[in-house]
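In the UniProt record's numbering, the protein residues as written are 1 to 217.
Virtual Cβ for every residue (Gly too), placed ideally from N, Cα, C.
To start, the structure under review is shown below, and the notes come after it.
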């Protein structure tokens, strides 16, 4: 399922000024300059509502989702040209982030599969880069993680964006404009937050039976 949406701004947000750790005494704390945002602090912008994730409308970016007949999404992949960004969002504790632990588990899993992974410092902190063997040949992957209030977003870049972050372009703009709707209910740490098709799409799919399908919208 591909959602192709337009928005006026395709450029990436500027780096969050909170990173400097400096805040004028007279200045009131404001929403971060870029995301991923928590729903409570997200600026107004056109987005595709998938439940726990809201995807910003960025020109020429297709949103491909794999969903079951009930409309429950199991995979979200953004595509721009030869580049792709797979997204996942997970529950996290209130007191601390989980990306450090998750990253180590990914590294160990890749190692067990015979793929070496390297940690590098990137725009979102420590990233993981790996080269894996797939049925289509050797593929480069770049894993990024962003810890938020009681949630974590994981992104996996493929294509040129996996080895050159500057090539991510509109996909990076999508990540910067992403909004997470965590909800208030308690959830086990690392449990995937629920993702669903938009109502109009789910209604079209209602009554269909069979295995999960990748659809285009």
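In the DSSP assignment, residue 177 falls within the unbroken alpha helix (DSSP H) covering 170-177. By the Cβ criterion, the region 81-90 is in contact with the region 173-180, since at least three pairs of Cβ atoms, one from each stretch, lie closer than 8 Å. By the neighbour-count definition (other C-beta atoms within 10 Å, threshold 16), residue 52 is a buried residue. Between residue 178 and residue 55 the beta-carbon gap is near 7 Å, inside 8 Å, which marks them as a contact. Taken through DSSP and simplified to helix, strand or coil, residue 165 comes out as helix. Closest option to residue 73, judged by alpha-carbon separation, among 80, 64 and 151: 64. In the three-state DSSP reduction, residue 147 falls in the strand class (E or B). Contact fails between the region 179-187 and the region 130-139, because fewer than three Cβ pairs, one in each stretch, are under 8 Å apart. By the neighbour-count definition (other C-beta atoms within 10 Å, threshold 16), residue 137 is an exposed residue. A distance below 7 Å between beta-carbons, with the five flanking residues on each side excluded, links residue 118 to the following residues of its chain, in chain order: 129. Within the same chain, Cβ atoms closer than 8 Å to the Cβ of residue 38 are found at 148, 149, 151, 179, 180 and 182, the five residues on either side in sequence being excluded. Residue 133 sits in a strand when the DSSP states are folded into three classes. The three-state reading of DSSP puts residue 114 in coil, since its state is none of H, G, I, E or B. Annotated as distal: residue 145 and residue 190, with beta-carbon spacing of 8 Å or more.
Secondary structure in the region 56-111: the beta strand (DSSP E) runs of 3 residues or longer, each lying completely within the stretch, are 62-67, 73-80 and 83-91 in chain order. In this structure, DSSP gives residue 155 an extended state, which the three-state scheme calls strand.
DSSP places residue 50 outside any beta strand (DSSP E), giving it a letter other than H or E. Residues 90 of the same chain have their beta carbon placed closer than 6 Å to that of residue 192, with the five preceding and five following residues left out of the count. Note on geometry: alpha-carbon atoms of residue 158 and residue 105 lie some 20 Å from one another.
In the three-state DSSP reduction, residue 120 falls in the strand class (E or B). By the C-beta density criterion, residue 142 is buried, having at least 16 other C-beta atoms within 10 angstroms. Bridge partners of residue 38 according to DSSP: 180.
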